[in-house]
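Residue 14 is where the sequence shown starts when you use the working numbering, and the numbers rise one by one after that.
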Amino acid sequence: MRFAKVAVLGVGLIGGSFALALKAARLAGHVVGIGRGAANLRLALEQGVIDSIGADAAGADLVLLAAPVAQYPALFAALAPVLKPGALVTDAGSTKRDVIGAARAALGDKLAQFVPAHPIAGAERSGAAASSAELFRGRRVVLTPLAENPAGAVQAIEEVWQACGARVTRMQAAEHDAVLAAVSHLPHLLAYALVHEVAARENSAQLFGFAAGGFRDFTRIASSHPEMWRDICVANRDRLPEEPDRYAEKLQALRPLVAAGDGAALEKLFAEARAARNRWLAGEYE
Numbered sequence: 014m015r016f017a018k019v020a021v022l023g024v025g026l027i028g029g030s031f032a033l034a035l036k037a038a039r040l041a042g043h044v045v046g047i048g049r050g051a052a053n054l055r056l057a058l059e060q061g062v063i064d065s066i067g068a069d070a071a072g073a074d075l076v077l078l079a080a081p082v083a084q085y086p087a088l089f090a091a092l093a094p095v096l097k098p099g100a101l102v103t104d105a106g107s108t109k110r111d112v113i114g115a116a117r118a119a120l121g122d123k124l125a126q127f128v129p130a131h132p133i134a135g136a137e138r139s140g141a142a143a144s145s146a147e148l149f150r151g152r153r154v155v156l157t158p159l160a161e162n163p164a165g166a167v168q169a170i171e172e173v174w175q176a177c178g179a180r181v182t183r184m185q186a187a188e189h190d191a192v193l194a195a196v197s198h199l200p201h202l203l204a205y206a207l208v209h210e211v212a213a214r215e216n217s218a219q220l221f222g223f224a225a226g227g228f229r230d231f232t233r234i235a236s237s238h239p240e241m242w243r244d245i246c247v248a249n250r251d252r253l254p255e256e257p258d259r260y261a262e263k264l265q266a267l268r269p270l271v272a273a274g275d276g277a278a279l280e281k282l283f284a285e286a287r288a289a290r291n292r293w294l295a296g297e298y299e
């Protein structure tokens with residue numbers, strides 16, 4: 014399997030890393046980058062992430078959409094008239110029901126060529142400069158295939174992501190959005206909220222001055238791309254709101270334990286949480 018021409022719509026961390034990973038696997042003959050930022054595209058070209066800058070995906074054998082999800086309706090609308098028969102399309106959207114809805118609205122009889130995906134391999138860095146051929150190595154990519162997808166198309170896209178080094182899982186789109194609301198979208202909300210709250214205090218300079226490893230680790234993802242996370246939160250707005258409520262309930266349960274100085278109860282909860290995290294780090298939930 015080799016693609017003579019690959020089009021990447023959105024040459025940021027994910028799109029650029031996808032291009033580099035395909036090149037490293039010798040699956041891409043020529044990669045064309047398409048996007049809004051001229052400077053970012055020029056940088057991608059200079060660094061060899063892409064081979065040319067294009068206006069659209071005409072003639073591409075494989076297309077990746079890797080832009081903030083609010084852009085997908087316009088991207089699919091632009092893709093529909095130039096997508097050639099037999100070409101494959103996948104995406105990197107962090108929400109799936111909205112992306113699939115946009116594809117259904119725009120692609121018409123070409124819908125079967127689109128196999129939705131979500132590489133769970135983000136980082137707080139963004140732009141072509143952050144691209145790495147190793148980004149997907151050992152990371153999970155979720156496919157949410159459509160009923161219209163031929164089995165061969167799904168298998169081909171699965172093999173593409175596997176060639177990038179990813180571990181591929183298949184899920185229904187609704188299940189994907191519910192799961193990611195809890196373990197991806199909520200953590201970003203919490204990180205942004207904590208930094209925003211501390212920054213709004215009168216003694217914020219003092220607080221940031223004394224913040225160390227714990228604050229840095231907890232809030233690392235607050236350095237992520239604001240536009241991307243705005244779009245994710247809006248797209249998953251029916252699933253996401255219940256997650257801060259659940260978290261708030263847990264915090265409220267902790268409050269009286271701290272106020273009462275109930276060290277035994279706190280230690281028990283902390284030990285259970287540490288054990289669960291250690292099992293996750295050990296790969297017991299894979």
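For every residue, glycine included, the Cβ atom is placed at its ideal position computed from N, Cα and C.
Nearest Cα to Ser-145 within the set Arg-214, Leu-159, Arg-110, Cys-177: Cys-177. Linking Gly-99 to Gly-72 through their CA atoms gives a straight-line distance of about 11 Å. The criterion of a C-beta distance shorter than 7 Å is satisfied by Thr-232 and Val-208.
In this structure, Val-44 sits away from Asp-69, with a CB-CB distance that is not shorter than 7 Å. Fewer than three Cβ pairs drawn from the segment 29 to 37 and the segment 85 to 93 lie within less than 8 Å of each other, which leaves the two stretches out of contact.
Inter-residue distance for Ala-83 and Glu-297 is about 35 Å (C-alpha atoms, whole angstroms).
Shown here, Ala-79 sits in coil according to DSSP, grouped into three states, outside any helix or strand. Inter-residue distance for Val-21 and Arg-150 is about 19 Å (C-alpha atoms, whole angstroms). Pairwise C-beta distances place the segment 183 to 201 in contact with the segment 107 to 115, as three or more of them are shorter than 8 Å. Contact check for Leu-78 and Tyr-85: beta-carbon distance about 6 Å, within the 8 Å limit, so the pair qualifies. With 16 or more other Cβ atoms inside 10 Å of its own Cβ, Leu-156 counts as buried.
Excluding residues up to 5 positions away in sequence, Val-24, Gly-46, Gly-48, Ile-66 lie with their Cβ nearer than 7 Å to the Cβ of Leu-54 in the same chain. The beta carbons of Ala-141 and Gly-29 sit closer together than 7 Å. A Cβ-Cβ separation of about 16 Å leaves Arg-259 out of contact with Asp-190 under the 8 Å criterion.
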